[in-house]
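Student:
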Amino acid sequence: MGEEMSRNLGAGAAREPQSPPRAGRVGGAGPLIREVPPTTWFFRHPRYLRYMAREITCIFVGAYCVLLVLGLHSLAAGQPSYEAFLVALRSPASIIFHLLALAASFYHAATWFNATQKAMPIQLGEEFVPGNLISGAHYVAWAALSIVILFLAGVF
Amino acid sequence: METISTDVVIIGAGGAGLRTAIALAETDPKLRIALISKVYPMRSHTCAAEGGAAGVIKPDDSFDMHFDDTVGGGDWLSDQDCVEYFIREAPKELLQLEHWGCPWNREADGSVAVRPFGGMQKKRTWFAADKSGFHILHTLFQTSLQFPSIIRYDEYYALDLLVDDGRCQGVTAMEMRSGQLRQFHAKAVIIAGGGAGRMFPFSTNGAIKTGDGMAMAYRAGAPLKDMEFVQYHPTGLPNTGSLLTEACRGEGGILVNKNGRRYLQDYGMGPETPVGQPQLKTMELGPRDRVSQAYWHELQKGNTVTTQWGECVMLDMRHLGEKKINERLPLVRELAASYLGVDIVKDPVPIRPVVHYMMGGISTNTQAATPLPGLFAAGECACVSLNGANRLGSNSLVELLVFGRRAALSAIEHMQGLPATNTAALNARAEATQLRIRELFSRTDGTESMSGLRKEMMDTMEKNAGIYRTEEGLQEGVDKIDELRERYQRVILTDKTNVFNTDLFQMLELGSMLDCATAVTVGALARKESRGAHQRLDYPERDDKNFLRHTMVYHQGQAAPRVDYLDVVITKSPPGVRDYSGDHK
Amino acid sequence: MKERLVQMEILRYNPDTDTEAYFQHYEVVCQEEWVVLDALNKIKETIDPTLNYRWSCHMAVCGSCGMMINGDPKLSCHTFLRDYAGVIRVEPLAHFPIERDLVTAPDDFMEKLKRVKPYLIPKAPKPISEGEYKQTPAQLKRYHQFTLCINCMLCYAACPEYGLTPKFIGPAALSLAHRYNQDSRDGGRDERQEIIASKEGVWECTFVGACSEVCPAHVDPASALQQIKIASSIDWFQEHLMPWGKK
Amino acid sequence: MAKSNKPIIWFPFAAGGTVIAFFIPVIVLLTFMAALGYVPTGLSYDSMRAFAGSGIGKLVIFGVIALSLWSSAHRLRCTCYDFGLRADTLVANVLYLAAAAGSIATAVYLLRI
Ligand SMILES: Cc1cc2nc3c(=O)[nH]c(=O)nc-3n(C[C@H](O)[C@H](O)[C@H](O)COP(=O)(O)OP(=O)(O)OC[C@H]3O[C@@H](n4cnc5c(N)ncnc54)[C@H](O)[C@@H]3O)c2cc1C
Ligand code: SF4
Ligand code: F3S
Ligand code: FES
Numbered sequence: 131m132g133e134e135m136s137r138n139l140g141a142g143a144a145r146e147p148q149s150p151p152r153a154g155r156v157g158g159a160g161p162l163i164r165e166v167p168p169t170t171w172f173f174r175h176p177r178y179l180r181y182m183a184r185e186i187t188c189i190f191v192g193a194y195c196v197l198l199v200l201g202l203h204s205l206a207a208g209q210p211s212y213e214a215f216l217v218a219l220r221s222p223a224s225i226i227f228h229l230l231a232l233a234a235s236f237y238h239a240a241t242w243f244n245a246t247q248k249a250m251p252i253q254l255g256e257e258f259v260p261g262n263l264i265s266g267a268h269y270v271a272w273a274a275l276s277i278v279i280l281f282l283a284g285v286f
Numbered sequence: 004m005e006t007i008s009t010d011v012v013i014i015g016a017g018g019a020g021l022r023t024a025i026a027l028a029e030t031d032p033k034l035r036i037a038l039i040s041k042v043y044p045m046r047s048h049t050c051a052a053e054g055g056a057a058g059v060i061k062p063d064d065s066f067d068m069h070f071d072d073t074v075g076g077g078d079w080l081s082d083q084d085c086v087e088y089f090i091r092e093a094p095k096e097l098l099q100l101e102h103w104g105c106p107w108n109r110e111a112d113g114s115v116a117v118r119p120f121g122g123m124q125k126k127r128t129w130f131a132a133d134k135s136g137f138h139i140l141h142t143l144f145q146t147s148l149q150f151p152s153i154i155r156y157d158e159y160y161a162l163d164l165l166v167d168d169g170r171c172q173g174v175t176a177m178e179m180r181s182g183q184l185r186q187f188h189a190k191a192v193i194i195a196g197g198g199a200g201r202m203f204p205f206s207t208n209g210a211i212k213t214g215d216g217m218a219m220a221y222r223a224g225a226p227l228k229d230m231e232f233v234q235y236h237p238t239g240l241p242n243t244g245s246l247l248t249e250a251c252r253g254e255g256g257i258l259v260n261k262n263g264r265r266y267l268q269d270y271g272m273g274p275e276t277p278v279g280q281p282q283l284k285t286m287e288l289g290p291r292d293r294v295s296q297a298y299w300h301e302l303q304k305g306n307t308v309t310t311q312w313g314e315c316v317m318l319d320m321r322h323l324g325e326k327k328i329n330e331r332l333p334l335v336r337e338l339a340a341s342y343l344g345v346d347i348v349k350d351p352v353p354i355r356p357v358v359h360y361m362m363g364g365i366s367t368n369t370q371a372a373t374p375l376p377g378l379f380a381a382g383e384c385a386c387v388s389l390n391g392a393n394r395l396g397s398n399s400l401v402e403l404l405v406f407g408r409r410a411a412l413s414a415i416e417h418m419q420g421l422p423a424t425n426t427a428a429l430n431a432r433a434e435a436t437q438l439r440i441r442e443l444f445s446r447t448d449g450t451e452s453m454s455g456l457r458k459e460m461m462d463t464m465e466k467n468a469g470i471y472r473t474e475e476g477l478q479e480g481v482d483k484i485d486e487l488r489e490r491y492q493r494v495i496l497t498d499k500t501n502v503f504n505t506d507l508f509q510m511l512e513l514g515s516m517l518d519c520a521t522a523v524t525v526g527a528l529a530r531k532e533s534r535g536a537h538q539r540l541d542y543p544e545r546d547d548k549n550f551l552r553h554t555m556v557y558h559q560g561q562a563a564p565r566v567d568y569l570d571v572v573i574t575k576s577p578p579g580v581r582d583y584s585g586d587h588k
Numbered sequence: 005m006k007e008r009l010v011q012m013e014i015l016r017y018n019p020d021t022d023t024e025a026y027f028q029h030y031e032v033v034c035q036e037e038w039v040v041l042d043a044l045n046k047i048k049e050t051i052d053p054t055l056n057y058r059w060s061c062h063m064a065v066c067g068s069c070g071m072m073i074n075g076d077p078k079l080s081c082h083t084f085l086r087d088y089a090g091v092i093r094v095e096p097l098a099h100f101p102i103e104r105d106l107v108t109a110p111d112d113f114m115e116k117l118k119r120v121k122p123y124l125i126p127k128a129p130k131p132i133s134e135g136e137y138k139q140t141p142a143q144l145k146r147y148h149q150f151t152l153c154i155n156c157m158l159c160y161a162a163c164p165e166y167g168l169t170p171k172f173i174g175p176a177a178l179s180l181a182h183r184y185n186q187d188s189r190d191g192g193r194d195e196r197q198e199i200i201a202s203k204e205g206v207w208e209c210t211f212v213g214a215c216s217e218v219c220p221a222h223v224d225p226a227s228a229l230q231q232i233k234i235a236s237s238i239d240w241f242q243e244h245l246m247p248w249g250k251k
Numbered sequence: 076m077a078k079s080n081k082p083i084i085w086f087p088f089a090a091g092g093t094v095i096a097f098f099i100p101v102i103v104l105l106t107f108m109a110a111l112g113y114v115p116t117g118l119s120y121d122s123m124r125a126f127a128g129s130g131i132g133k134l135v136i137f138g139v140i141a142l143s144l145w146s147s148a149h150r151l152r153c154t155c156y157d158f159g160l161r162a163d164t165l166v167a168n169v170l171y172l173a174a175a176a177g178s179i180a181t182a183v184y185l186l187r188i
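Protein chains in written order, with this note's numbering: chain A, 131 to 286; chain B, 4 to 588; chain C, 5 to 251; chain D, 76 to 188.
Set out below in structure tokens:
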């Protein structure tokens, strides 16, 4: 079976039978609780892997924020230190980290925008605005904002 | 055996049982109410009802019209005092549901919307898309959760009524998860066990509709009334029997044969109405018995379409358009698509008549009381004589509510000043049940297979007690069911363990169905006329002189049942002609 | 009609006789258009009467026949054999105690359902004689989706957070609370918030979204739960930071 | 059962999630360009200094970093639980403190500019 199983001999407060009160059983061992394997459950179905992938983006985003704080520290310390920071960015490790952070942040953005239609449905008159329109609007705003920032940063 | 003492026991937690429980709890909060059901309440088959529930609410409608439709639709076999009470209570009950949160469809101004239904001359069917029964059941169930005095015994299988001193005082039931027997002692018992359509092979009924409640009352001495009236619904899926609601036709769907002809006009329901403009009480909006019978004639004429699922006619809804279909008939679209692979927006869907509803049941009066003191019944298992020989679509869901509540009030009245219970006598009765079950477990000479027996019963019912019936066929049916009942004593129970033993429950259900099947065939054989859903090829006319009466079948132990009759109550509408020709005003 | 030999592997457990659950292998001839439930019925009728499972309506509306089919929570009456090849593995719904074979004990769900007060608590009670509460089609539509729950518990079997933290009230019960909160006739939101905005309520949800993926009735519990979180957050800030805003 | 105070944590988490979605990808893109050797003019010492020196710049930088840190910390906390780490209170304390420390550092550096 490969899966942990344990018997429930009247334990498990949250799953105690409720009303009506039940008398003892006629022998036998009672219901079987198949425990969820706490560390490997997400291998059970691809949808859980997708979920875990989404959650794990936070590690890279978090780490990237730390990098930003470090950058800010160097900026506050004056030009030489800031220049050194920029140079340090060029290390291979940094490049690889950037690639991962880029992927993670895009994945996060996509899942986040897709979720907006669930979290904030909009009803106009009788009908609900189609969910894809809500998410789509977010994507458009995102693209516009990104272009503006790139422009302000002098990329174009 | 553990004894649970309570004030009222309700057997069945479908629409009828839940309505009863709420009425009891509301009327007298101090009552202890035991609600027993062999399935969790929301699994009860009321959830499958699609079309809606009839009640006069719109200004162009009137109680008199609802009365006339019901009495005429029932081919004058309805008790008119009962109909009178029913039509007046109906709108109140539906409004009550609205106040409890039922999501009825609405008009633009926020008032409740109504739709047309077969056999009704006005639009008066309240609906919640095509999941009306589902919403009614869940609204009732959820509402019932706020009453602490309703103690539910979910997944308890009720077995036998406890009768002592000429009164019903309780019931035995088995807790399905432990296999333990319990006895419930109460001052009043209300049966709301639902229908028995599973006697037949093609049925819109769920697996749980095995007539347990009817059989239980019957065995305890209460008569079953008008059991020969079995409603076929004209539009079921040919493979699973799943229902495509009458609202398909109410919204404008049409029925055509293999030549593309709208054949209903050939059977007194014409003249043909324009496609997409359904006209009340005409053509596709004729009553169910007539529409189902027309199928049978088409079948005889060779006008049906041969499909991989057998002979069918076609239900065409394409002209309704995708928007209307999605809004009003989403479930129908889903059912046809998944079980038949037909998209009703693009193609007509093959259908055939399937057994749908039992007009008959435990005999009750307008107070929902059976002739056995202390025993009340409501819902499909009861025959209060509202539906007569043919139920009009959308009257049944309201019947659950009106007579569910009525049963509660009657039970409370009955409980006043009762003599004390003779516990020892009840215990002795309960022992008998225990012995019966023990015998099943210890039986060693079993030779009959349960599924084999069940299949024979279904085939017999279909063949000998179907849409059209004859003397020889029915006699054969009566004999065959007799034989099956005898062989039932030798069925083998394969599974002899305690926990959730569905082998055992199916066996008990088969016993109930055989009891009901006896009443159906015996009643049908004795009724030498054609009326509503009971059509005899050898007696094609209605015979008001001899049969304007209810059939009452009494259990006689192992002997053949006794058939008796009870006069129909006529208050203001003498028997007339059922006219669905579109000529009426 | 095309027939096909279907192989099934079904988890068996009988507390009266077994100490462990085990898989039993069955081979049964089925029609191509059948659903998994039809195959189970045929097994019970012709091969093994001791196999146990729940079902009733065979039309995906009663909610009794939920089980894990190849690891996915499904209604067996609405899972088509044509969509499966090879051995079909059938197990009882995950995260619920197994009573026997494919029958699980739903007590926990039933208790939670009751706890969230899933009934109308009228904003302005009025007698029946005054007629219906007015509700426009738009107001109906606002909550209608969340009325469609058939209580099949597939979402509980799919939600890993429920599996890991059994105290979690869970997707269906919370969605039903939301259904009443969104109903224009209802005034019970404050009462329900005490339960659903609690720690065991909506806050255990990490928006896995599996509930909505498996829901056969298209209730979209994930959506309901995220809406509840936003509304509950707004409540909290109104109560704590803007005491003049609320109460 | 009482209402939970979770909104204090969850609301900034949700706000942070939105901020991350809208801002972080493009910011990563910018520093990635720098990492590849092409430093956009906006990332030069002078422009950055000017930007971080302005009131609005300080606010934007602080907002983005603090909210993103918070959001990531909270998500990581849940992820740890999902991975089977059951010492939730400890994990939460460590992560939220780390996020808070990062935010304070950000504020301090910004004030120094
Ligand atoms: C597919 C379909 C569509 C329909 N559509 C409509 C419609 O549109 N309009 C309309 O008016 N009517 C309709 N009907 C008819 C109507 O739905 C039923 O007549 C009605 O729901 C029956 O309700 P009930 O409460 O009597 O029984 P059910 O809802 O069937 O409930 C029976 C209850 O009894 C319990 N029970 C049975 N036996 C036992 C036992 N031995 N021990 C313990 N408990 C037991 C069951 O557990 C269950 O809780 C439809 C019926 C079907 C099948
Ligand atoms: S929300 Fe969906 S999956 Fe969950 S119980 Fe309700 S119908 Fe089933
Ligand atoms: S799967 Fe579970 S975590 Fe939330 S979104 Fe659904 S309840
Ligand atoms: S049998 Fe009713 S949902 Fe499957």
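All residues carry an ideal CB built from backbone N, CA and C; glycine is no exception.
It should be emphasised that the depicted structure is a prediction, and the values quoted were computed from it without experimental measurement.
1) Figure out for me which residue from B/E158, B/A176 and B/A250 has the closest Cα to the Cα of B/E434.
2) Mind checking whether B/G480 and B/K458 have CB atoms under 9 Å apart?
3) So, with DSSP's three-state summary, where would you put A/F173?
4) Could you give the DSSP three-state label for C/Q139: helix, strand or coil?
5) Output needed for B/G535: all residues of its chain with C-beta closer than 7 Å, excluding positions within five of it in sequence on either side, in chain order.
6) Taking the alpha-carbon positions, what's the D/V183 to A/S204 distance?
7) Can you pull out the residues from the stretch 68-90 of chain C whose beta carbon lies closer than 8 Å to at least one beta carbon of chain D?
8) What residues in its chain sit with their C-beta under 7 Å from that of C/C163, if we drop five residues either side in the sequence?
9) Which residues of chain C have a Cβ atom closer than 8 Å to the Cβ of D/C207, listed in chain order?
10) Looking at the secondary structure, which residues open and close the beta strand (DSSP E) in which C/I132 lies?
11) Taking the alpha-carbon positions, what's the A/P147 to C/D112 distance?
12) What residue ranges within the stretch 126-200 of chain B form continuous beta strand (DSSP E) runs of no fewer than 3 residues, ordered along the chain?
13) Report the option in B/I415, B/P374 and B/D482 whose CA atom is closest to the CA atom of B/A562.
14) Whose C-beta lies closer than 8 Å to the C-beta of C/R86 among residues of the same chain, with five residues either side of it excluded?
15) Counting only Cβ pairs nearer than 8 Å, list the residues of chain C close to A/V166.
16) B/M45 versus chain C: which residues are under 7 Å apart at the beta carbon?
17) Taking B/D582 as the reference, which of B/G273, B/P237, B/N260 and B/V566 has the closest Cα?
18) Based on the DSSP output, what are the partners of B/F379 in its beta bridges?
19) Taking the alpha-carbon positions, what's the D/I179 to D/L185 distance?
20) So, with DSSP's three-state summary, where would you put B/C315?
21) Compare the C-alpha of B/L528 against each of B/K548, B/I484 and B/D506 and name the closest.
22) With a cut-off of 9 Å, does the C-beta of C/F113 fall near any C-beta of chain D?
23) Quick one, what's near ligand 3 if you take every residue whose CB is closer than 7 Å to any heavy atom, in chain order?
24) How about D/Y171: is its C-beta nearer than 9 Å to some C-beta of chain A?
25) DSSP on B/D567, reduced to helix/strand/coil?
Tutor: Let me lay it out:
1) Locating residue 434 of chain B in the second sequence gives position 431, counting from the first residue. Among B/E158, B/A176 and B/A250, the Cα nearest to that of B/E434 is on B/A176.
2) Here residue 480 of chain B refers to the residue found at position 477 when the second sequence is read from its first residue. Here residue 458 of chain B refers to the residue found at position 455 when the second sequence is read from its first residue. Taking 9 Å as the Cβ cut-off, B/G480 and B/K458 do not qualify as a contacting pair.
3) Within the first sequence, the letter at position 43 stands for residue 173 of chain A. Reduced to three states, the DSSP call for A/F173 is helix.
4) In the third sequence, residue 139 of chain C corresponds to position 135, counting from 1. Three-state result, C/Q139: coil.
5) Sequence index remark: in the second sequence, residue 535 of chain B carries index 532 (1-based). Result list for B/G535: G77, D78, L80, F232, D292, G391, A392 and N393, in chain order.
6) Mapped onto the fourth sequence, residue 183 of chain D falls at position 108. Mapped onto the first sequence, residue 204 of chain A falls at position 74. The alpha-carbon atoms of D/V183 and A/S204 are separated by roughly 12 Å.
7) none
8) Position 159 of the third sequence, counted from the start, is the residue given in the question as residue 163 of chain C. Within the same chain, C/C163 has close Cβ partners G174, P175, V212, A214 and C215.
9) Residue 207 of chain D cannot be examined here, being either before or after the span of chain D that is shown, 76 to 188.
10) Counting from one through the third sequence, the residue named residue 132 of chain C turns up at place 128. It is not in any beta strand (DSSP E) - C/I132 carries neither H nor E in the DSSP assignment.
11) Position 17 of the first sequence holds residue 147 of chain A. Position 108 of the third sequence holds residue 112 of chain C. Summary for A/P147: the model assigns pLDDT 37, below 50, so the residue's position carries little reliability, and this model does not support an answer.
12) 153-157, 159-167, 170-178, 183-188 and 191-194
13) By one-based count along the second sequence, residue 562 of chain B stands at place 559. B/A562 has its Cα closest to that of B/D482, out of B/I415, B/P374 and B/D482.
14) The residue given as residue 86 of chain C occupies position 82 in the third sequence. Result list for C/R86: E36 and E37, in chain order.
15) Against the first sequence, residue 166 of chain A aligns to sequence position 36. Those within 8 Å of A/V166 in chain C are A98, H99, P164, G167 and L168.
16) For this step, residue 45 of chain B is matched to residue 42 along the second sequence. Correct list: G67 and N155.
17) Sequence index remark: in the second sequence, residue 582 of chain B carries index 579 (1-based). Answer by Cα proximity: B/G273.
18) By one-based count along the second sequence, residue 379 of chain B stands at place 376. BP columns for B/F379 point to B/I193 and B/A372.
19) What you label residue 179 of chain D is simply residue 104 of the fourth sequence in a count that begins at 1. What you label residue 185 of chain D is simply residue 110 of the fourth sequence in a count that begins at 1. So the two alpha carbons sit approximately 10 Å from each other.
20) As a position in the second sequence, residue 315 of chain B is number 312, starting the count at 1. If DSSP states are grouped into helix, strand and coil, B/C315 belongs with the strands.
21) For the purposes of this step, residue 528 of chain B is taken as the residue at position 525 of the second sequence. The shortest Cα separation from B/L528 among B/K548, B/I484 and B/D506 belongs to B/I484.
22) Indexing the third sequence from 1 puts residue 113 of chain C at position 109. It does not; no Cβ of chain D falls within 9 Å.
23) C/C159, C/A162, C/C163, C/P164, C/E165, C/Y166, C/G174, C/P175, C/C209, C/T210, C/F211, C/V212, C/G213, C/A214, C/C215, C/S216, C/P225, C/A226 and C/L229
24) On the fourth sequence, position 96 is the one that residue 171 of chain D refers to. Cβ-Cβ to chain A under 9 Å: no for D/Y171.
25) As a position in the second sequence, residue 567 of chain B is number 564, starting the count at 1. The answer is strand: DSSP assigns B/D567 an E or B state.
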